[in-house]
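For the sequence shown, position 13 (counting from the first letter as 1) is numbered 13 according to the working numbering, and the numbering increases by one without interruption.
Think of the CB as a built atom: it goes at the ideal place given N, C-alpha and C, for glycine as much as any other residue.
Working notes for the structure below.
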Amino acid sequence: MLTVLNTVLAGLVATLGMSTIMYSIHALGLANADMVRALGSLMTKGKKNAMLAGFISHLISGIMFAFPYAIIISAFPQTSFAAPLALGALLGLFHGFVFSFAMIALVAENHPLEEYRKVGVSVAVAHIAGHIAYGVLIGLLVYALPISYGFQLNIQ
Numbered sequence: 001m002l003t004v005l006n007t008v009l010a011g012l013v014a015t016l017g018m019s020t021i022m023y024s025i026h027a028l029g030l031a032n033a034d035m036v037r038a039l040g041s042l043m044t045k046g047k048k049n050a051m052l053a054g055f056i057s058h059l060i061s062g063i064m065f066a067f068p069y070a071i072i073i074s075a076f077p078q079t080s081f082a083a084p085l086a087l088g089a090l091l092g093l094f095h096g097f098v099f100s101f102a103m104i105a106l107v108a109e110n111h112p113l114e115e116y117r118k119v120g121v122s123v124a125v126a127h128i129a130g131h132i133a134y135g136v137l138i139g140l141l142v143y144a145l146p147i148s149y150g151f152q153l154n155i156q
């Protein structure tokens, strides 16, 4: 039970970290990476209540994705502090690439708000950076908290 609660905690922390990175990129004007509002407005079809809807759905998604991340990371031997962080970063890189291409191909063209229909390389890079941060934070918390799903790969 502690493993599940710690994974939920890791998902919350990592999602907040990812959201902070992405909003910082947006606030600095580097990319239109206001992902929480973009996600929320997909559901609300407008800006009204988009932040709340986006924040709740992003937190729920972050918790759900924490489980496969934690299962994979905890299955590898944690020979050093860097190992789970590096694996988390690799998982985040993969997840970020997949999400970025899906977003560009499916979401952007059909988004109800014009400002989120323009998706370029900078937005994709922002999403990849956010997902890498998410993975690193999950890796850090898998290392720091008792998160183990009962199996370990025997890698030598």
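What's the gap between the Cα of SER100 and the Cα of ILE128? The alpha-carbon atoms of SER100 and ILE128 are separated by roughly 7 Å.
With C-beta atoms as the reference, is MET35 less than 9 Å away from ALA133? Taking 9 Å as the Cβ cut-off, MET35 and ALA133 do not qualify as a contacting pair.
Exposed or buried, what is SER80 when buried is set at 16 or more other beta-carbons lying within 10 Å of its beta-carbon? exposed
Can you find the residues in the same chain that come closer than 7 Å, C-beta to C-beta, to THR7, ignoring five residues on each side of it along the sequence? ALA66, PHE67, ALA70 and ILE147
Skipping 5 residues on each side, what residues in its chain have a beta carbon closer than 8 Å to that of ALA89? ILE132, GLY135, VAL136 and GLY139
Which residues in the same chain as LYS45 place their Cβ atom closer than 7 Å to its Cβ, once the five residues preceding and following it in sequence are excluded? PRO112
Among the residues of its own chain, which have a CB less than 7 Å from the CB of ILE73, if the five just before and after it don't count? PRO84, LEU87, GLY88, ILE138, GLY139 and VAL142
Sequence ranges, beta strand (DSSP E) only - wholly within the region 15 to 53, length at least 3: none
Nearest CA to the CA of LEU16: which residue from GLY54, VAL123 and ALA144? GLY54
In angstroms with no decimal places, state the Cα-to-Cα distance between LYS118 and PHE76. 39 Å
When the distance is taken between beta carbons, is MET103 closer than 9 Å to ALA124? yes
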